[in-house]
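Have a look at the structure below before the remarks.
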Amino acid sequence: VILLLCAPVRAVTYYKQTWTLGGFVCRTTDWFQHSCVVAKTLILAATTRAKHTLPHAPTPLRGPTWIHGALVFIWTVSMMFPIPQMLFASLLQYDSDTICVSKMPVCASEFMSLFYKIYPTATFVMPVILTTAYYTKTLHAAVNHAPSPQHQSKVILVLLCLSGALGLMLLPEWGTFTWVRLGYNKPPAGLLMFAQVLLYACSALSPVVLMTMYDDVRQGLVTLWFIATCRSKKCAPPKKCPQTEGNGAEVGANAMTNAVAQDADKTFPDVEHFWTGRRNTQVEDEQDPVPWEKEEKML
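Following this line, the structure appears as structure tokens:
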């Protein structure tokens with residue numbers, strides 16, 4: 001979602017060096033992008049929590065209704081956290097160019113200063129630390145005490161890699177975000193662009209890690225591919241067996257009789273031609289393929 005909707009907006013802005021997409025896109029771009037980032041980290045943390053508690057929970061908590069409700073709650077919270085970015089975003093005229101900036105009012109500076117310290121901690125630092133620590137502990141237990149350590153450790157290793165990659169690749173984005181919002185010196189432009197590139201690369205990394213390291217995901221994709229290709233091809237209609245009147249013994253006898261008759265009617269053209277030629281033609285001595293037969297007769 002981030003790659004499809006947010007990356008093109010950044011690319012157009014960097015290319016034209018001015019904002020040309022209007023006020024609505026200016027107010028909603030950062031809000032929507034951070035909503036997706038927060039949802040990704042919270043969903044990862046919720047998945048970790050569910051793997052820890054749901055095996056011992058009653059069956060209704062593992063149903064699709066509970067899962068859909070949890071996803072709706074996570075997305076609602078993720079869209080509420082970045083609301084200040086949508087409220088404070090505005091277009092600013094700078095010489096002949098238009099730029100999209102986040103302008104905080106003076107009356108809300110103290111509250112927003114506290115908010116911008118709690119916001120990254122609650123939506124990024126805590127979930128990533130807890131998720132990485134949980135999977136590290138679980139991997140150690142799976143290697144030493146699990147009944148099938150190879151399979152369990154591989155699955156946990158995939159989830160640990162996802163958590164670690166998510167934390168490392170989103171760290172520059174959250175660092176520059178906090179740096180700018182807390183009013184310190186402006187970070188270098190190269191660091192801002194590097195953080196944006198890592199953010200978009202992180203969105204493409206999760207499917208790559210799952211497809212390269214998780215066997216179940218690969219097998220599922222292969223199955224979907226086969227299903228899609230089989231539906232596009234027309235299957236040949238099945239051949240109908242000839243129906244024969246009578247009871248089972250008569251049907252079997254007729255089938256055997258037909259098979260024997262077909263075998264008796266078969267002729268092998270090469271062999272037939274060979275023996276016909278041997279009986280009906282006079283072969284000269286120089287062209288006789290088996291001259292020793294004639295020598296035996298003469299003797």
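Take 1 as the starting number for the sequence shown in UniProt numbering and just add one per residue. Glycine residues also receive a C-beta, built at the ideal position from the N, C-alpha and C atoms.
- [ ] Have a look at L198, S96, W174 and flag the residue whose alpha-carbon is nearest the alpha-carbon of K16.
- [x] S96
TODO: On a CA-only basis, which of T41, P127, V106, C6 is nearest R27? Give me that one, please.
DONE: C6
- [ ] Compute the Euclidean distance between the alpha carbons of K103 and L191, then round it to the nearest angstrom.
- [x] 21 angstroms
Open item on the list: Pairs of beta-carbons, one from the stretch 108-117 and one from the stretch 35-46, closer than 8 angstroms: are there three or more?
Closed with: no
Open item on the list: Taking the beta carbon of L224 as the centre, do at least 16 other beta carbons fall within 10 Å, making it buried, or is it exposed?
Closed with: exposed
- [ ] Specify, as a first and last residue, the run of the beta strand (DSSP E) that V101 falls within.
- [x] 97-102
TODO: With DSSP as the reference, label residue 308 as helix, strand or coil.
DONE: Not covered by the structure: residue 308. The range shown for the chain is 1 to 299.
Task: Inter-residue CB distance, F177 and P120 (contact presumed, cutoff 8 angstroms) - done: 7 angstroms
Task: L166 burial status per 10 Å Cβ neighbour count (16 or more: buried) - done: buried
- [ ] Take T48 as the anchor and find which of N185, V128, V180, L168 has the nearest alpha-carbon.
- [x] V128
TODO: Tell whether a beta-carbon distance below 7 angstroms holds between residue 300 and Y134.
DONE: Residue 300 lies beyond the stretch modelled for the chain, which goes from 1 to 299, so this question has no answer here.
Task: Beta-ladder partner(s) of Q93, from DSSP - done: T98
Open item on the list: Nearest by alpha-carbon distance to S78: which of P105, D30, S90 is it?
Closed with: D30
Task: Nearest-angstrom Cβ-Cβ length linking P172 and L198, presumed shorter than 8 angstroms - done: 6 angstroms
TODO: Would you tell me roughly how many angstroms separate the C-alpha atoms of W66 and A45, rounded to the nearest one?
DONE: 16 angstroms
Open item on the list: I'd like the span of the alpha helix (DSSP H) that includes V77, first residue to last.
Closed with: 64-80
TODO: Pick helix, strand or coil for L162, following the three-state DSSP scheme.
DONE: helix
TODO: Note down the Cα distance separating S163 from T132, rounded to an integer number of angstroms.
DONE: 6 angstroms
Task: Distance between beta carbons of P187 and W174, contact taken as under 8 angstroms - done: Not confirmed; about 12 angstroms, so no contact.
Open item on the list: I'd like the list of long-range same chain contacts for L71, defined as Cβ closer than 6 angstroms, with 5 residues on each side in sequence excluded.
Closed with: none
- [ ] Would you mind sorting Q196 into buried or exposed? The rule is 16 or more other CB atoms within 10 Å of its CB.
- [x] buried
Open item on the list: Buried or exposed, going by whether 16 or more other CB atoms sit within 10 Å of the CB of T20?
Closed with: exposed
TODO: Assign A89 to one of two classes, buried (16 or more other C-beta atoms within 10 Å of its C-beta) or exposed (fewer than that).
DONE: buried
- [ ] For F124, I'd like the list of residues in its chain whose CB is within less than 7 angstroms of its CB, leaving aside the five on either flank, ordered along the chain.
- [x] T41, L170, W174
TODO: Tell whether a beta-carbon distance below 7 angstroms holds between I43 and I2.
DONE: no
Task: Where P8 falls, given that 16 or more other Cβ within 10 Å makes a residue buried - done: exposed
- [ ] Take T98 as the anchor and find which of S203, T18, T76 has the nearest alpha-carbon.
- [x] T18
Task: As assigned by DSSP and simplified to three states, the class of T41 - done: helix
Task: Reduced DSSP secondary structure (H/G/I, E/B, other) of K240 - done: At K240, the pLDDT of 46 sits below 50, so the modelled position is not reliable; the number obtained from the coordinates is stated separately. Reduced to three states, the DSSP call for K240 is coil.
TODO: Let me know the secondary structure DSSP gives W19 once reduced to three states.
DONE: coil
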